[in-house]
Amino acid sequence: MSVIDKKYREKCWLTRDDYWKCLDTNKEEKEKCLQLRQLFESSCPATWVTHFDQKREYDIFKRQLALGEVETDKLKSIKGPSKP
Numbered sequence: 427m428s429v430i431d432k433k434y435r436e437k438c439w440l441t442r443d444d445y446w447k448c449l450d451t452n453k454e455e456k457e458k459c460l461q462l463r464q465l466f467e468s469s470c471p472a473t474w475v476t477h478f479d480q481k482r483e484y485d486i487f488k489r490q491l492a493l494g495e496v497e498t499d500k501l502k503s504i505k506g507p508s509k510p
């Protein structure tokens with residue numbers, strides 16, 4: 427791997443972390459973090475942005491589930507296929 431690739435990845439991760447920190451600080455109010463979101467999107471490949479967005483949503487869901495903050499209706503809606 428080249429140094430450029432490493433620097434590119436590091437910048438992507440840094441902008442992702444800055445954006446996520448903004449969301450945490452502002453209680454998920456995305457409009458308060460638009461500039462950081464734009465920087466995140468311009469610093470990372472689109473597939474990475476999608477992956478990181480999904481990972482954040484899943485991590486939040488797991489945390490809420492562990493704390494008992496997830497409604498049972500939401501659990502039913504994401505339940506996988508039934509076993510025969």
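Mind the numbering: the sequence shown is residues 427 to 510 in the numbering used here, read in order.
Glycine included, every Cβ here is placed at the ideal spot set by N, Cα and C.
Q.
Does the CB of Asn-452 have a neighbour CB from chain B at under 8 Å?
A. As a matter of chain content, chain B is missing from the structure shown, which is built from one protein chain.
Q) Is the Cβ-Cβ distance between Cys-448 and Cys-459 less than 8 Å? A) In contact: Cys-448 and Cys-459 (Cβ atoms closer than 8 Å).
Q.
Within 8 Å, do at least three Cβ pairs link the region 462-480 to the region 490-497?
A. Between the region 490-497 and the region 462-480 there are fewer than three inter-stretch CB-CB distances shorter than 8 Å, so the stretches are not counted as touching.
**Q.** Rounded separation between Glu-454 and Gln-461 - CA only
**A.** Spanning the two alpha carbons is a distance of roughly 14 Å.
Q) Just checking my contact of Arg-463 with Tyr-445 at CB under 8 Å: how many whole Å lie between their CB atoms? A) Correct: roughly 6 Å between the Cβ atoms.
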